[in-house]
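J.: Can you keep this structure in mind? I'll have questions shortly.
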Amino acid sequence: MQKLQEPAQLTLKDAFDLYEDGKHRRYSLLFSVHGGAFAIAKLLAGESGKSAAVLGDLTLAQLSLGMVVFTVVMVWDIWSFGEKMRTSYLEDAFGPRGKAVLLSLGILLCLGWLLVGARRLTGA
1 MQKLQEPAQL
11 TLKDAFDLYE
21 DGKHRRYSLL
31 FSVHGGAFAI
41 AKLLAGESGK
51 SAAVLGDLTL
61 AQLSLGMVVF
71 TVVMVWDIWS
81 FGEKMRTSYL
91 EDAFGPRGKA
101 VLLSLGILLC
111 LGWLLVGARR
121 LTGA
């Protein structure tokens, strides 16, 4: 079995830059995918409530469920990254406020997509 290496020794500036860059890339991915999915949702909904034929048989409910799963995975990834950075390099990084922001964003995004999918399923 291969032994894990100790984390590299970084200067405080390098560790902070690594943390900020990683956090920025992850949050950018989260919001970029949600923006793209929102554009697809608008196409699926069509104008005046008439469903448009987009991407084969993809439904708004399926897109919504996929976005909920994606959001949960991304929140887990960002949380894991923040914890690793906090335990390995920066004791003050990813504290209670950062965790609250991440969880709040994840919950709000998931609830929004669930409402979109549920509304479409009920025909409202």
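For what it's worth, this note's numbering labels the leading residue of the sequence shown as 1, then goes sequentially. A virtual CB, placed ideally from N, CA and C, is assigned to each residue, including glycine.
1) Looking only at its own chain, which residues have a Cβ that is under 7 Å from the Cβ of Ala41, when we skip the five neighbours before and after it?
2) Assuming Arg147 and Met74 are in contact, meaning their beta carbons sit under 8 Å apart, how far apart are those beta carbons, in whole angstroms?
3) Would you tell me roughly how many angstroms separate the C-alpha atoms of Leu69 and Glu20, rounded to the nearest one?
4) Specify, as a first and last residue, the run of the alpha helix (DSSP H) that Glu91 falls within.
5) Between which residues of its own chain and Leu30 is the CB-CB distance below 6 Å, once the five residues before and five after are set aside?
6) Give me the Cα-Cα distance between Asp77 and Thr71, rounded to the nearest whole angstrom.
7) What is the residue span of the alpha helix (DSSP H) that Asp14 lies within?
8) What do you get for Leu44, buried or exposed, if any count of 16 or more other CB atoms within 10 angstroms of its CB means buried?
T.: Straight from the coordinates:
1) Locating residue 41 in the sequence shown gives position 41, where the first residue counts as 1. These residues qualify, in order along the chain: Leu60, Leu63 and Val116.
2) Residue 147 lies beyond the range of the chain shown here (1 to 124); nothing can be said about it.
3) Your numbering for residue 69 matches position 69 in the sequence shown. Your numbering for residue 20 matches position 20 in the sequence shown. With the sequence shown as reference, residue 69 is identified as Val, and Leu is not the correct amino acid for it. Their Cα atoms are separated by approximately 25 Å.
4) By one-based count along the sequence shown, residue 91 stands at place 91. No alpha helix (DSSP H) contains Glu91, which DSSP labels as neither H nor E.
5) Here residue 30 corresponds to residue number 30 of the sequence shown, with the count starting at 1. Excluding residues within five positions, the ones whose Cβ falls inside 6 Å are Met74.
6) For the purposes of this step, residue 77 is taken as the residue at position 77 of the sequence shown. For the purposes of this step, residue 71 is taken as the residue at position 71 of the sequence shown. Each residue's Cα considered, the two are about 10 Å apart.
7) If you number the sequence shown from 1, residue 14 lands on position 14. From DSSP, the alpha helix (DSSP H) with Asp14 extends over Leu12 to Ala45.
8) Position 44 of the sequence shown, counting from 1, holds the residue named residue 44. Result: buried.
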